[in-house]
Amino acid sequence: MDKSAFARIASNSVIRSTVADLVIAGRVATCAVIDLEILYSARSASAFHEIRRELSMIPKAPINQDVCERAMEIQYALSRKSMHRSVTLPDLLIAACAEMAGLIVLHYDKDFDVISEITKQETRWIMPRGSIN
6 MDKSAFARIA
16 SNSVIRSTVA
26 DLVIAGRVAT
36 CAVIDLEILY
46 SARSASAFHE
56 IRRELSMIPK
66 APINQDVCER
76 AMEIQYALSR
86 KSMHRSVTLP
96 DLLIAACAEM
106 AGLIVLHYDK
116 DFDVISEITK
126 QETRWIMPRG
136 SIN
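Next up, the structure:
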């Protein structure tokens with residue numbers, strides 16, 4: 006699950022319920038990049054500690070050199086369409102990580118649509134695009 010979905014949990018009851026169901030079913034994972042993005046939003050050291058504690062309970066998909074190589078392959082494929090600057094580097098790593106782990110990217114971020122046009126991997130909007138801020 007990408008930070009774009011996590012960031013909307015507190016403000017949207019439908020997302021909160023969806024995520025809770027997925028967590029209970031053991032169908033949510035993050036990776037180091039997602040955790041770093043989420044922790045970046047912490048407003049204090051104590052909030053950082055609490056968020057990190059909560060994140061530690063969620064399974065992690067590994068980011069290793071193979072994932073980084075796959076991200077670069079995707080970036081190259083995007084460059085052939087002059088689109089390599091249209092997605093963020095964290096989203097490239099997250100998509101590559103999910104693809105290699107056989108996971109679906111749950112998100113609210115158009116970057117994953119662009120990436121999945123190249124990878125053909127499954128991604129899913131947490132809510133319909135444009136339906137929330």
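Plus 5 on top of the position in the sequence shown (first one is 1) and you've got my numbering. C-beta: ideal position from N, C-alpha, C; glycine also. Bear in mind that the values here come from a model prediction, so they are computed numbers and not experimental data.
Subject >> Limits of the unbroken alpha helix (DSSP H) element including THR128 >> reply: As a first step, residue 128 must be located in the sequence shown, where it is residue number 123. First-last for THR128: 128-130, but that is the beta strand (DSSP E), not the alpha helix (DSSP H).
Subject >> N-terminal and C-terminal residue of the alpha helix (DSSP H) that ILE112 is part of >> reply: Working through the sequence shown from its first residue, we reach residue 112 at position 107. According to the sequence shown, residue 112 is His rather than Ile. That residue, HIS112, is in no alpha helix (DSSP H); its beta strand (DSSP E) goes 110-112.
Original post:
Is the beta carbon of ALA76 sitting closer than 7 Å to the one on LEU44?
Top reply: Here residue 76 is taken as the residue at index 71 of the sequence shown, counted from 1. Here residue 44 is taken as the residue at index 39 of the sequence shown, counted from 1. Contact flag unset, no.
Original post:
What are the residues that DSSP puts in a beta bridge with LYS65?
Top reply: For this step, residue 65 is matched to residue 60 along the sequence shown. For LYS65, which the question treats as bridged, DSSP gives the partners THR35.
**OP:** Hey, could you find the ends of the alpha helix (DSSP H) SER136 is sitting in?
**Re:** Residue numbering aside, residue 136 sits at position 131 when the sequence shown is read from its first letter. No alpha helix (DSSP H) holds SER136; DSSP gives it neither H nor E.
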